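full-length UniProt numbering applies: residue 1 is where the sequence shown begins, and numbers increase by one. First up is the structure itself, then whatever we jot down about it.
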Amino acid sequence: MTSALENYINRTVAVITSDGRMIVGTLKGFDQTINLILDESHERVFSSSQGVEQVVLGLYIVRGDNV
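Below is the structure:
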């Protein structure tokens, strides 16, 4: 899987975590355990009453066991 991720370096990606959060950002790096480094990232929070809210996160690391 890591070789497939190399194609996405410096591209915008959307990551859905194991707890259902959606984090969108520019993939800057990863390691053998699929820990991801996202730059200029934000979380998209979906609500039936308020629509989609974007929470700015900035530089963010997502642990591989949460992907």
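Even glycine gets a Cβ: it sits at the ideal position worked out from N, Cα and C. These numbers come from a predicted model, not from an experiment.
Review point. So, helix, strand or coil for D19, using DSSP?
Key: Stepping through the sequence shown from its first residue, residue 19 is reached at position 19. When secondary structure is reduced to three states using DSSP, D19 falls in the coil class, being assigned neither helix nor strand.
Review point. Going by the beta-carbon positions, is the gap between L5 and L38 smaller than 9 Å?
Key: If you number the sequence shown from 1, residue 5 lands on position 5. If you number the sequence shown from 1, residue 38 lands on position 38. No, Cβ-Cβ distance for L5 and L38 is not below 9 Å.
Point to revise | Every unbroken beta strand (DSSP E) inside the stretch 30-60 [3 residues or more] | key: Segments of the beta strand (DSSP E) lying fully in the stretch 30-60: 36-47.
Check your understanding: Buried or exposed: where does I23 fall if 16 or more other Cβ atoms within 10 Å of its Cβ makes it buried?
Key -> Here the question's residue 23 lines up with position 23 in the sequence shown. By the neighbour-count rule (16 or more Cβ atoms within 10 Å), I23 is buried.
**Study point:** Same chain, Cβ closer than 8 Å to D19, neighbours up to 5 away in sequence not counted
**Key:** Taking the first residue of the sequence shown as position 1, residue 19 is located at position 19. Answer for D19: N66, listed in chain order.
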